[in-house]
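Everything on this sheet refers to the single structure shown next.
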Amino acid sequence: MLPDPHAGPAVDPRAERPRRVHRTSWMCLLSGLLFIGMGIRYLTGPDPDAVVMAPLLVGGLGFAAFVAILAKAIRR
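Whatever position you read off the sequence shown (first residue = 1), add 1 for my numbering.
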């Protein structure tokens, strides 16, 4: 079978696309780790005191936000 004279040159589609780079979302990553850690804490052992866990949650989210702000400033 002869090649189609109207078709363009055969090009590998992967060769033309630039590689996508995804930046790490530190806020999402650290918040997810915090919630996983708190979930594991509630599943194991005696129930933790809410008076201790609430400030820990707020402090952990604040720390995650602080790291995300620093990472964004360093990227620029």
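Note that beta-carbon positions come from the ideal geometry of N, C-alpha and C, so glycine has one too.
{"query": "Cα-Cα separation between G38 and A69, rounded to whole angstroms", "result": "19 Å"}
{"query": "Beta-carbon contacts of M54 that lie in its chain and below 7 Å, excluding the five residues immediately before and after", "result": "M39"}
{"query": "For V59, the three-state DSSP class (helix, strand or coil)", "result": "helix"}
{"query": "Alpha carbon of W27 to alpha carbon of I75, nearest angstrom", "result": "13 Å"}
{"query": "Backbone CA spacing between I41 and L34 [nearest angstrom]", "result": "10 Å"}
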